[in-house]
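Enquirer: To start, I am sharing the structure in question, which I have written as structure tokens.
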Amino acid sequence: MRKRKSRSKGVNGQRGAAERFTPQQVIAALEASGGVNLAAAKMLGCAPSTIANYLARYPEIADAKVEIEFEKLDIAETVVVRRMLSDANPVLQLRAAMFYLTRRGAARGYSKGRGASATKFRIEESIDASALSPEERQTFEELLAKVKWRGTS
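When you line the sequence shown up against my numbering, it's residues 2 to 154, in that order.
As structure tokens, this is what we get:
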């Protein structure tokens, strides 16, 4: 019987081929690419699947990518809020406000979803149906479901 050669341990301490990149190199490429795997892979000269494999194996890389994505969301939100507060172009200001309300104002009834509108939400919120019996409440809810609300498709 032949003896099997033992493989050296890679950067992460696992047996197998040595890692091509350190976690720091992958994180740096992700930061430079804005968290985009394909762009980070091109910077490192590897396949996007390599980046995905590193993300799966190294929690610190996955954590760094989450932070990068949060930073991008913060930047995008800042752009929307600045546009919403700017009165340079009323059309863009209105669009930014509508976008913000549909994304961040859902708890107040602002949504693009079918059948959901601020008016509907406020009407349902202001109705006290506690005096209705369970059967009456069910009938009431069925009637509300049939109502076509203005401003919705």
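Beta carbons: idealized from backbone N, C-alpha and C, even for Gly.
Note that this is a predicted model, so its numbers are computed, not measured.
Going by C-alpha distance, which of Y59, E68, A33 and R104 is nearest V81?
Expert: In the sequence shown, counting from the first residue as 1, residue 81 sits at position 80. Nearest C-alpha to V81: R104.
Enquirer: By a C-beta neighbour count over all protein chains shown, 10 Å radius and 16 as the cutoff for buried, is N41 buried or exposed?
Expert: As a first step, residue 41 is located in the sequence shown; it is residue number 40 there, counting from the start. The sequence as given places Ala at residue 41; Asn does not occur at that position. A41 is buried by the Cβ-count criterion.
Enquirer: For R84 versus A97, is the C-beta distance shorter than 8 Å?
Expert: Taking the first residue of the sequence shown as position 1, residue 84 is located at position 83. Taking the first residue of the sequence shown as position 1, residue 97 is located at position 96. In this structure, A97 lies closer than 8 Å to R84 by Cβ.
Enquirer: Under a three-way DSSP split, which group does R21 fall into?
Expert: Start at 1 with the first residue of the sequence shown, and residue 21 comes out as number 20. Here R21 sits in coil by DSSP.
Enquirer: For G35, which option in L93, A19, D75 and T51 has the closest C-alpha, if you only look at C-alpha atoms?
Expert: For the purposes of this step, residue 35 is taken as the residue at position 34 of the sequence shown. Ranking L93, A19, D75 and T51 by Cα distance to G35 puts D75 first.
Enquirer: So, helix, strand or coil for N90, using DSSP?
Expert: Residue mapping note: residue 90 aligns to position 89 of the sequence shown, counting from 1. It is coil, neither helix nor strand.
Enquirer: For the stretch 84-95 against the stretch 57-66, do three or more pairs of beta-carbon atoms, one drawn from each stretch, fall closer than 8 Å, so that the two count as touching?
Expert: Segments in contact, no.
Enquirer: Give the secondary structure of A107 by DSSP, where H, G and I count as helix, E and B as strand, and everything else as coil.
Expert: Sequence index remark: in the sequence shown, residue 107 carries index 106 (1-based). In the structure shown, A107 sits in a helix (DSSP, three-state: H, G or I).
Enquirer: By the DSSP assignment, the alpha helix (DSSP H) with L39 in it spans what residues?
Expert: Working through the sequence shown from its first residue, we reach residue 39 at position 38. N38 to L45 is the span of the alpha helix (DSSP H), which, as asked, contains L39.
Enquirer: Identify whether A48 lies in helix, strand or coil by the three-state DSSP scheme.
Expert: Here residue 48 refers to the residue found at position 47 of the sequence shown. DSSP places A48 in the coil class of the three-state scheme, outside both helix and strand.
Enquirer: Which residue comes first and which comes last in the alpha helix (DSSP H) that contains A146?
Expert: The sequence position of residue 146 within the sequence shown is 145, counting from 1. P135 to K147 is the extent of the alpha helix (DSSP H) around A146.
Enquirer: So, are the CB atoms of E61 and P91 less than 8 Å apart?
Expert: Residue 61 sits at position 60 when you count from the first residue of the sequence shown. Residue 91 sits at position 90 when you count from the first residue of the sequence shown. The answer is no: Cβ separation not under 8 Å.
Enquirer: Where does Y101 sit, in a helix, a strand or coil, going by DSSP?
Expert: Along the sequence shown, read from residue 1 onward, the residue named residue 101 stands at position 100. Reduced to three states, the DSSP call for Y101 is helix.
Enquirer: Would DSSP call Y59 helix, strand or coil?
Expert: Your numbering for residue 59 matches position 58 in the sequence shown. Of the three classes helix, strand and coil, the one that applies to Y59 here is coil, per DSSP.
Enquirer: With distances taken between CB atoms, is the gap from A30 to L45 smaller than 8 Å?
Expert: Here residue 30 is taken as the residue at index 29 of the sequence shown, counted from 1. Here residue 45 is taken as the residue at index 44 of the sequence shown, counted from 1. Contact flag set, yes.
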